[in-house]
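A quick write-up on the structure given underneath.
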Amino acid sequence: MATDPKDYILGTSDEEIQRLGYQHQVWSDSVLPLWKKAGFNVGQEILDLGCGPGFASRDLANLVGPKGKIFAVDASEKFIHFLNQQLKTSAIKNISTQVSDVHALDLPSNRVDGVFARWVMCFVKNPEKVISEAVRVLRPGGSLVIMDYFNYLSVNIFPNRESFTKLFRAYHESLLDHGGTYDIGQFLPQMICENTMEIVSLQPISRIARPGTKIWKWLILFTESHMPKLIEEGYMSRSDRETFLRDWRKASNDPGAFFYPPPIIGIVARKPSP
2 MATDPKDYIL
12 GTSDEEIQRL
22 GYQHQVWSDS
32 VLPLWKKAGF
42 NVGQEILDLG
52 CGPGFASRDL
62 ANLVGPKGKI
72 FAVDASEKFI
82 HFLNQQLKTS
92 AIKNISTQVS
102 DVHALDLPSN
112 RVDGVFARWV
122 MCFVKNPEKV
132 ISEAVRVLRP
142 GGSLVIMDYF
152 NYLSVNIFPN
162 RESFTKLFRA
172 YHESLLDHGG
182 TYDIGQFLPQ
192 MICENTMEIV
202 SLQPISRIAR
212 PGTKIWKWLI
222 LFTESHMPKL
232 IEEGYMSRSD
242 RETFLRDWRK
252 ASNDPGAFFY
262 PPPIIGIVAR
272 KPSP
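Under this note's numbering, the sequence shown has 126 at position 125, and the numbering climbs by one with no breaks.
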């Protein structure tokens with residue numbers, strides 16, 4: 002959601018916006034402790050970096066209240082248009098939207114109290130530059146919160162079948178070929194330190210999901226969205242898809258089956274005061 006929309010591997014369709022809304026619901030309880038640890042609070046100005054359709058932007062707007070302000074920035078005109086349309090019928094009046102490349106923000110230095118970036122760094126081609134820009138716009142003492150994937154290939158559905166392993170490998174290889182990586186989380190702390198930030202907290206976010214749960218549904222929504230492109234680009238065949246769906250249906254009816262989602266790292270860092 003942070004690169005040019007044509008480079009965002011999952012696209013910007015209406016179906017993807019709906020999927021992102023569901024994803025936000027599923028993982029929102031993991032975000033709130035990070036915001037609290039970062040000191041995000043009433044009256045602050047916070048940048049939602051690579052905001053997508055703005056689901057987190059609206060939560061942040063409620064958090065900072067009418068005296069605060071949220072800058073919602075994304076490269077996708079469609080995502081920003083969606084957010085603007087939602088704001089027209091909303092009581093929320095403290096969000097400023099902007100279509101902008103997250104590698105080169107149209108914001109002055111030392112402008113915001115906080116920056117939030119969720120599932121952004123894995124998609125961008127130059128995460129070091131994005132972090133540098135985030136640090137630049139932060140006021141001294143301001144906080145950066147990042148939530149992203151790492152150790153992606155540990156993800157799987159158990160009991161394991163080859164069709165499951167093949168699918169997650171295809172996701173991983175596809176993003177690498179598009180210039181991103183689902184393993185970005187392992188590199189982010191070093192990048193942050195190189196930008197003279199102080200790491201406050203590194204939080205592992207890990208779940209296990211059983212059939213019928215929200216995270217189980219989250220996986221199939223992601224698969225329905227992304228698998229056609231994997232087939233189109235040659236990472237999987239139609240036969241692979243049919244095998245996966247057959248094994249998925251069996252797992253969905255197996256009370257002993259479970260899904261281990263890709264691990265996530267939650268990072269809170271602070272810009273030193275002079």
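Don't be surprised by glycine CBs; every beta carbon is placed ideally from N, CA and C. Fair warning: this is a prediction, and the values are worked out from it, not measured in the lab.
- For Lys167, the closest alpha carbon among the candidates Ser144, Ile232 and Glu195 is that of Ile232.
- Under DSSP, Glu17 shares a beta bridge with no residue.
- About 7 Å separates the beta carbons of Asp248 and Phe165, which is inside the 8 Å limit, making them a contact pair.
- The beta carbon of Gly180 lies closer than 6 Å to those of Lys126 in the same chain, with the five residues before and after it left out.
- By the 16-neighbour rule on beta-carbons within 10 angstroms, Ala105 is exposed.
- Comparing C-alpha distances from Ser77 to each of Phe56, Val100 and Arg170 shows the shortest one belongs to Val100.
- Cα atoms of Ser91 and Asp255: separation of roughly 42 Å, rounded to the nearest angstrom.
- The closest CA to that of Asn157, considering only Arg170, Asp149 and Met148, is found on Arg170.
- Straight-line spacing of the CA atoms in Arg211 and Leu220 works out to 11 Å.
- The C-beta separation of Val43 from Val27 comes to about 27 Å, leaving the pair out of contact by the 8 Å criterion.
- Looking from the CA of Ala62, the closest CA among Asp114, Asn95, Asp107 and Pro54 belongs to Asn95.
- Here Ala57 is not bridged, per DSSP, to any residue.
- By DSSP's assignment, Lys167 forms no beta bridge with any residue.
- The three-state reading of DSSP puts Ser207 in coil, since its state is none of H, G, I, E or B.
- Beta-bridge partners of Glu46 (DSSP): Lys70.
- In the three-state reduction of the DSSP assignment, Asp30 falls in the helix class, which pools H, G and I.
- Cys123 counts as buried, since at least 16 other C-beta atoms from the protein chains shown sit within 10 angstroms of its C-beta.
- Between Ser274 and the set Ser144, Gly12 and Phe56, the nearest pair of CA atoms involves Ser144.
- Distance from the Cα of Tyr23 is smallest, within the candidate group Ile268, Val269 and Trp217, for Trp217.
- Between Ile200 and Ile193, the C-beta spacing is below 8 Å.
- Spatial neighbours of Leu246 in its own chain (CB-CB distance under 7 Å, excluding positions within 5 residues in sequence) are not present.
- Going by beta carbons, Val138 and Val113 fall inside the 8 Å limit.
- If you draw a straight line from the Cα of Gln19 to the Cα of Thr197, it is about 38 Å long.
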